[in-house]
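Engineer: Heads up: the sequence shown runs through residues -23 to -1, 1 to 465, numbered per mature numbering (1 follows the signal peptide of the UniProt record, and there is no 0).
All C-beta atoms in this analysis are idealised placements derived from N, C-alpha and C, irrespective of residue type, glycine included.
Just so we're clear, the structure is a prediction, and the values are computed from it rather than from any experiment.
If you scroll down you'll find the structure; I have some questions about it.
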Amino acid sequence: MAYSAKKTAWLVGAVMLCTSTVACDQAGQVVEPQAIDSMAQAAIVSSIAEGDYVIRSAMTNKCIDVDSSSTADGAKVQEWDCNGTAAQTFHLSPTSDGYWKIINVNSGKALDIAEVSTAQNAVLHQWSYVGGNNQQFRFIARGNNQFSFHPRHTDMAIDLYWGSADNGTILVQYPYTGGANQHWTFDKVGGSTGGGGGPAGTVPVVVTNKCPFALNVVLSGVGDVALERDGAGNKIYRNLGTGGSYTYYPPGNYPSGRVSAYRTLPSPSSPRELEKAEFTLGPDGNGVQNIYYNLTYVDHVGLPMQISTVGNNGCNMAQCNKSYSALSTAIANACPDGLRYTMGGGTICLAPRSFCIDGEYSSDPRRASVCNRLDSEIARCASKYPGQCNPGSEKTPQVYACSGNFFSQSAKWCSAITRGMVDNPDSTNVAQYYNTGKPYNQYAKWVHDQCGAVYSFAYDDYPMAANQAGFYTCNGGRQLNVTFCPAG
């Protein structure tokens, strides 16, 4: 594991799913989204085998989609612009006599002809799988890697109603006519075990919103350049309702990645995100794909998060598993020094590193106490360890940020002063951290009290054996999952 690769993960930037995605510029104006390259490059198959597929109309090139990512019985099945979400991914598996069931990956429900109807124009929707003949289909190759598919109980064809290209158009059963509105391509996008499924050389990043409100999300990298941009170069924000998800496909070498979440779209007067998840993608020394990740609340706390990965080794979960309600209550009632601010449409607890360094807070009277709190421990460190702890003229703000000429190069002393552990700087006894009677970074302790092993300050990974930061390297990484409000 490269220490420098790990550090880039946090250094950068130191209720219904809207199934149609929107793109907005920095002023929040809606613009048309770009096509998603992952779908354009998916592997269209010439024969059907068990696996996960995106099913596209040969007439419109749009995808079969479960409306609003619903998990309910009877939810509408429709065509929609392909967007790479689980609501547009289906697992095909054989039943008997050449028939197959088609299960939506997001809901676990089967494609089903409503009420076992034998009528023309009977609607296709989703329903819990019970093995009915109206839930089993056979596939007939029609040339050019296109298929028609037919429910077992009527053998009619699944038909895009009137051949419409409109988003939201329903699917029905209708006698086979050979029209393009009855022909479909099956794009294999990954196996049932998860991971992969995008263009070669990419790593899927699946973002899910379980918060009790909609979020606008965007994935960006070095220089805050968004992975998905419109024709004018503006960031495309994906709107996710509660339970909604979206899959990005960044390249396998993608340093300083960040998924940012907003309740309200950013504007020049309010540009900051409510929360962010950070990661780095890159090969190890042997060319194996790695995913470096942790939960970082170095700048502020806004939402609970969970990050998990699919890969070969070391692919552990990092999470702050509080509910949104519990964490927002903790912010309202116990954010250290009352450093509560509005960002991204929500209330955050601001880290003292931001409060003491950013100019926008320079007139706040609380700076007098918050930003001098560790000065005595800095002086004691220099006196106790001459020739080793040499902070020079740097003060409390530099400890909060682990920055400056000395602290940016000294994980040991920055961590010791932050935790009140100057007398035992290499200790891995986490029960002593913030509990020695010495001054300490109150925000860092509060973050750990809320969320456990996460980054609360820049060198929270020192010493590594203490496992305070929850930093992980997923070797052979095939997929990264980011969930906001994992406990709801």
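1) Nearest to Val195 by alpha carbon, out of Ile117, Tyr223, Cys358 and Gly178?
2) Does the distance from the C-beta atom of Met294 to that of Ser302 stay below 8 Å?
3) Spatial neighbours of Asn290 within its chain, please: CB distance less than 6 Å, with the 5 preceding and 5 following residues excluded, ordered by chain position.
4) Under 7 Å Cβ to Cβ from Ala19, same chain only, skipping five residues before and after it: list those, please.
5) Among the candidates Trp161, Thr66 and Arg119, whose CA atom is the shortest distance from the CA of Met36?
6) Apply the 10 Å Cβ neighbour rule to Ser237 and answer buried if 16 or more other Cβ atoms are within range, or exposed otherwise.
7) Is it buried or exposed for Arg129, if we count other Cβ within 10 angstroms and need 16 for buried?
8) Could you check if Lys187 is buried or exposed, using at least 16 other CB atoms within 10 Å of its CB as the buried criterion?
9) Provide the residue(s) that pair with Ile117 in DSSP beta bridges, ordered along the chain.
10) If you run the structure through DSSP and keep just helix, strand and coil, what is Phe384?
11) Hey, would you say Arg330 sits closer than 8 Å to Pro416, going by beta carbons?
12) With H, G and I counted as helix, E and B as strand and the rest as coil, what does DSSP make of Tyr377?
13) Quickly, what does DSSP pair Gln65 with across the bridge? List them, please.
14) Based on the DSSP output, what are the partners of Tyr274 in its beta bridges?
15) Anyone know if the C-beta pair for residue 492 and Ile325 falls short of 8 Å?
16) With respect to the alpha helix (DSSP H) encompassing Trp423, which residues constitute its N-terminal and C-terminal limits?
17) My understanding is that Ala191 touches Ser197, with C-beta atoms under 8 Å, so please give their C-beta distance in whole angstroms.
18) Helix, strand or coil: how does DSSP classify Ala446 here?
19) My output table needs one value for Glu205: the three-state DSSP class, helix, strand or coil.
20) Between the alpha carbons of Val107 and Gly264, how many angstroms are there, rounded?
21) Note down the Cα distance separating Asn382 from Asp403, rounded to an integer number of angstroms.
22) Would you say Ala142 and Gln112 are within 8 Å of each other, going by their C-beta atoms?
23) Write down the C-beta distance between Gly178 and Pro228 rounded to the nearest angstrom, noting that I regard them as a contact closer than 8 Å.
24) Would you kindly work out how many angstroms separate the C-alpha atoms of Asp341 and Ala311, rounded to a whole number?
25) Closer than 6 Å by C-beta to Asn193: which residues in its own chain qualify, once you throw out the five before and the five after it? Chain order, please.
26) Any idea if residue 467 is buried or exposed, counting beta-carbon neighbours within 10 angstroms, 16 or more meaning buried?
27) In three-state terms, what does DSSP make of Pro260?
28) Measuring alpha carbon to alpha carbon, tell me which residue in Thr48, Gln427 and Asp42 is nearest Cys59.
29) When you compare only the Cα positions, how much space is there between residue 466 and Pro245?
30) Less than 6 Å between C-beta atoms, sequence neighbours within five positions excluded: which residues of the same chain meet that for Cys348?
31) By the three-class DSSP mapping on this structure, what secondary structure does Pro313 have?
32) Which same chain residues end up closer than 6 Å to Tyr338 when comparing Cβ atoms and leaving out the 5 residues on each side of it in sequence?
33) Using only the alpha-carbon positions, how far apart do Gln97 and Phe126 sit?
Structural biologist: Considering the structure as presented:
1) What you label residue 195 is simply residue 218 of the sequence shown in a count that begins at 1. The residue with the shortest Cα to Cα distance from Val195 is Tyr223.
2) The sequence position of residue 294 within the sequence shown is 317, counting from 1. The sequence position of residue 302 within the sequence shown is 325, counting from 1. The Cβ atoms of Met294 and Ser302 lie no closer than 8 Å to each other.
3) Numbered from its first residue, the sequence shown carries residue 290 at position 313. Within the same chain, Asn290 has close Cβ partners Asn452.
4) For the purposes of this step, residue 19 is identified with residue 42 of the sequence shown, where counting begins at 1. The pLDDT assigned to Ala19 is 42, lower than 50, so where the model puts this residue is not dependable, and the model offers no usable value.
5) Start at 1 with the first residue of the sequence shown, and residue 36 comes out as number 59. Looking at the Cα atoms, Trp161 is the closest of the given residues.
6) By one-based count along the sequence shown, residue 237 stands at place 260. With 16 or more other Cβ atoms within 10 Å, it is buried.
7) What you label residue 129 is simply residue 152 of the sequence shown in a count that begins at 1. Around the beta carbon of Arg129, 16 or more other beta carbons sit within 10 angstroms, so the residue counts as buried.
8) As a working mapping, residue 187 is identified with position 210 in the sequence shown. Looking at its Cβ environment, which holds 16 or more other Cβ atoms inside 10 Å, Lys187 is buried.
9) Stepping through the sequence shown from its first residue, residue 117 is reached at position 140. Bridge partners of Ile117 according to DSSP: Ser125.
10) Position 407 of the sequence shown holds residue 384. Note: Phe384 maps to helix in three-state DSSP.
11) Locating residue 330 in the sequence shown gives position 353, counting from the first residue. Locating residue 416 in the sequence shown gives position 439, counting from the first residue. Not closer than 8 Å, so no.
12) Taking the first residue of the sequence shown as 1, we reach residue 377 at position 400. In the structure shown, Tyr377 sits in a helix (DSSP, three-state: H, G or I).
13) Locating residue 65 in the sequence shown gives position 88, counting from the first residue. Bridge pairing for Gln65: absent [DSSP].
14) Walking along the sequence shown from the start, residue 274 turns up at place 297. DSSP, once it has assigned bridges, lists no residue as partnering Tyr274.
15) The question about residue 492 has no answer here: the residues shown for the chain are numbered -23 through 465.
16) As a first step, residue 423 is located in the sequence shown; it is residue number 446 there, counting from the start. Trp423 -> alpha helix (DSSP H) spans Gln419 to Cys428.
17) Translated into positions along the sequence shown, residue 191 becomes position 214. Translated into positions along the sequence shown, residue 197 becomes position 220. That pair is no contact at about 20 Å.
18) Walking along the sequence shown from the start, residue 446 turns up at place 469. Coil, per DSSP.
19) For the purposes of this step, residue 205 is identified with residue 228 of the sequence shown, where counting begins at 1. For Glu205, the three-state secondary structure derived from DSSP is coil.
20) In the sequence shown, the residue the question calls residue 107 occupies position 130. In the sequence shown, the residue the question calls residue 264 occupies position 287. Between the alpha carbons of Val107 and Gly264 lies a distance of about 46 Å.
21) Taking the sequence shown and counting its residues from 1, one reaches residue 382 at position 405. Taking the sequence shown and counting its residues from 1, one reaches residue 403 at position 426. Distance between the alpha carbons of Asn382 and Asp403: 21 Å.
22) The residue labelled residue 142 in the question sits at position 165 within the sequence shown. The residue labelled residue 112 in the question sits at position 135 within the sequence shown. Cβ atoms of Ala142 and Gln112: not closer than 8 Å.
23) Residue numbering aside, residue 178 sits at position 201 when the sequence shown is read from its first letter. Residue numbering aside, residue 228 sits at position 251 when the sequence shown is read from its first letter. The C-beta distance from Gly178 to Pro228 rounds to 6 Å, short enough to fall under 8 Å.
24) Against the sequence shown, residue 341 aligns to sequence position 364. Against the sequence shown, residue 311 aligns to sequence position 334. When rounded, the distance between both Cα atoms is 19 Å.
25) Stepping through the sequence shown from its first residue, residue 193 is reached at position 216. Take Asn193, set aside five residues on each side of it, and the residues of its chain with a beta-carbon closer than 6 Å to its own are Tyr214, Asn216, Tyr239 and Leu242, in chain order.
26) As displayed, the chain neither begins before -23 nor continues past 465, which places residue 467 out of reach and without an answer.
27) For the purposes of this step, residue 260 is taken as residue 283 along the sequence shown, with counting starting at 1. The answer is strand: DSSP assigns Pro260 an E or B state.
28) Working through the sequence shown from its first residue, we reach residue 59 at position 82. For Cys59, the nearest C-alpha among the options comes from Asp42.
29) Residue numbering for the chain in the displayed model covers -23 to 465; residue 466 lies beyond these limits and cannot be assessed.
30) Residue mapping note: residue 348 aligns to position 371 of the sequence shown, counting from 1. Closer than 6 Å at the Cβ level, and outside the excluded window around Cys348, lie Cys333, Thr373 and Pro374.
31) For the purposes of this step, residue 313 is taken as the residue at position 336 of the sequence shown. Under the three-state reduction of DSSP output, Pro313 falls in the helix class.
32) Within the sequence shown, residue 338 is the residue found at index 361, counting from 1. Counting only Cβ-Cβ distances below 6 Å, and skipping sequence neighbours, we find Phe332.
33) Here residue 97 refers to the residue found at position 120 of the sequence shown. Here residue 126 refers to the residue found at position 149 of the sequence shown. Between Gln97 and Phe126, the C-alpha separation is close to 15 Å.
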